[in-house]
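Participant:
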Amino acid sequence: MTSINRPISIKVVVTIKQCINDLFPHFGFKPRLDHITNWWPSQALGLEFISNEMDPTTGLEKGTTKAYAERVKRKDNEVIVYETKVVIPADFGAIGGVLVENEHNKEMFLMDIVIHGIPTQYHLHFPCNSWIQSKDRRIFFTTKVI
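Note that full-length UniProt numbering has the sequence shown beginning at 1, numbered continuously upward.
Structure (structure tokens):
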């Protein structure tokens, strides 16, 4: 993504691999409670988009753009999809990284993040293949050479 002189609306798709414990949530009281609270509609994934450009006037890093991805569907018994739409400011520059915060009560396995709607390319892919602990944050970078 090169610098765009206007705000752009992007769609972000986050793919999570369901943990084996989530496939059998009804053994005992605590697992049932965890299953209910972990997939409560208000819980989401916090996303913070990081520019790969510096502010030309200050020489410091540019501010981030934040959004929350909500669970929208289950692809199959093992894959869960989260989505959000966010507007990236005109002066933001190219997206170089995504900081993900797991707001659920248990760890999750983040497979990848795909950003659609970037005018200069079909999509931007962030392969993650990583665990994110509950209430923890991880940063992921694109595989695209900029």
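Just so you know, even glycine gets a beta-carbon here, dropped at the ideal spot from N, CA and C.
Note that the structure is a prediction, hence the values are computed from the model and not measured.
1. Counting beta carbon pairs with one atom in the region 83-93 and one in the region 59-71, are three or more of them shorter than 8 Å?
2. Distance, Cα to Cα, G117 vs H123?
3. What is the rounded straight-line gap between the Cα of S130 and the Cα of C19?
4. Does E53 come out as helix, strand or coil in the three-state DSSP assignment?
5. With a cut-off of 8 Å on the beta carbons, I'd call Y68 and G46 a contact; round off their distance for me.
6. Judging by CA-CA distance, which residue of E83, E78 and Q133 is the nearest neighbour of N102?
7. So the candidates are V79, A44, E83 and F126; which of them puts its Cα closest to the Cα of N105?
8. Using the three-state DSSP reduction, which class does P25 fall into: helix, strand or coil?
9. How long is the line joining the alpha carbons of T84 and T57, rounded to whole angstroms?
Facilitator: Taking the definition as stated:
1. yes
2. 7 Å
3. 12 Å
4. coil
5. 6 Å
6. Q133
7. A44
8. For P25, the predicted model reports a pLDDT of 49, less than 50, meaning its position is unreliable; a value from the coordinates is still stated below. In this structure, P25 counts as coil in the three-state DSSP scheme.
9. 31 Å
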